[in-house]
Amino acid sequence: MAIGMGELKKNLKIEIQGVPYRIVEYQHVKPGKGAAFVRAKIKSFLDGKVIEKTFHAGDKCDEPNLLQKPMQFLYFDGSSYQFMDTETYEQIALTENQVGDAPKWMLDGSQVQVLFHNDKAISVEVAQVVELKITETPPNFKGDTSSASKKPATLETGAVVQVPFHVLEGEVIKVNTQTGEYLEKVK
């Protein structure tokens, strides 16, 4: 199904010349002279690059053939990330470019969403909130009770997040994977 200029909106998935994109930002422009147009920033699902594209009144783009499948992250073999379909036990490998920042939030055995375009795996999405254990953080000091001050904490995946001073090494915390922010301690 073709998508017209008037239907474009943020986070809409479109396909241009066989490449799937997601609209990151868009602006409807109505100049004093001439026809209105939409200026959009679109991010490629294949390589993660963001480009700027202008859509005019008659322009159409296709709806991509995208499918999201729940899969299990198995391991990193040094050059690619291995995933397994939990229903068919079929395994696939994705490159570092394809997985992007996802490894910062993935442990062996964690469930992720793998995005397929025309039956070919192209990217990985982790849950928006993950629970991870702190492996390293500086100790607390008496008087460090200000909630505004933070300290760095290294998680079991290797990611580093800023946490409040009362959070200690060995504790499990919830982290927002979109922003990399500490949310709360897990009880």
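Residue numbers (the numbering used here): 3 to 189. A virtual CB, placed ideally from N, CA and C, is assigned to each residue, including glycine.
At what residues does the alpha helix (DSSP H) containing residue i begin and finish?
i	result
Glu98	Glu98 to Val101
At the level of alpha carbons, what is the spacing between residue i and residue j?
i	j	result
Gly102	Ser125	8 Å
Val21	Lys32	28 Å
Gly60	Met86	43 Å
Leu69	Lys122	9 Å
Pro140	Pro154	8 Å
Glu27	Lys55	11 Å
Ile16	Arg24	6 Å
Ala38	Glu127	35 Å
Ser151	Ile136	18 Å
Gly182	Gln164	9 Å
Phe78	Lys35	55 Å
Gly8	Ser81	43 Å
Gln19	Thr90	32 Å
Glu98	Gln84	11 Å
May I ask which residues mark the beginning and end of the beta strand (DSSP E) holding residue i?
i	result
Leu109	Note, Leu109: premise wrong, no beta strand (DSSP E); not H, not E.
Tyr23	Val21 to Val31
Ser46	Phe39 to Ser46
Pro72	Leu68 to Phe78
Ala155	Lys152 to Leu157
Thr56	Val52 to His58
Leu117	Gln113 to His119
Gln84	Tyr83 to Asp87
Asp49	Looking at the DSSP string, Asp49 is not in any beta strand (DSSP E), and its letter there is neither H nor E.
What whole-angstrom Cβ distance do residue i and residue j have, given they're in contact under 8 Å?
i	j	result
Lys187	Glu171	Not quite, the Cβ-Cβ distance comes to about 13 Å (not below 8 Å), so this is no contact.
Lys62	Gly111	Between Gly111 and Lys62 the Cβ distance is about 43 Å, and since that is not below 8 Å, they are no contact.
Val169	Leu134	That pair is no contact at about 12 Å.
Gln180	Gln130	6 Å
His119	Pro66	6 Å
Ala4	Asp64	6 Å
Pro72	Gln115	6 Å
* To do: Decide yes or no for the touch test of the region 95-109 against the region 149-162: beta carbon pairs closer than 8 Å, at least 3 of them.
  => As far as the Cβ criterion goes, the region 95-109 touches the region 149-162, which means the pair count is three or higher.
3-residue-minimum beta strand (DSSP E) runs that sit fully inside the region 159-186, ordered along the chain:
Within the region 159-186, the complete beta strand (DSSP E) runs of at least 3 residues are 162-166 and 174-178.
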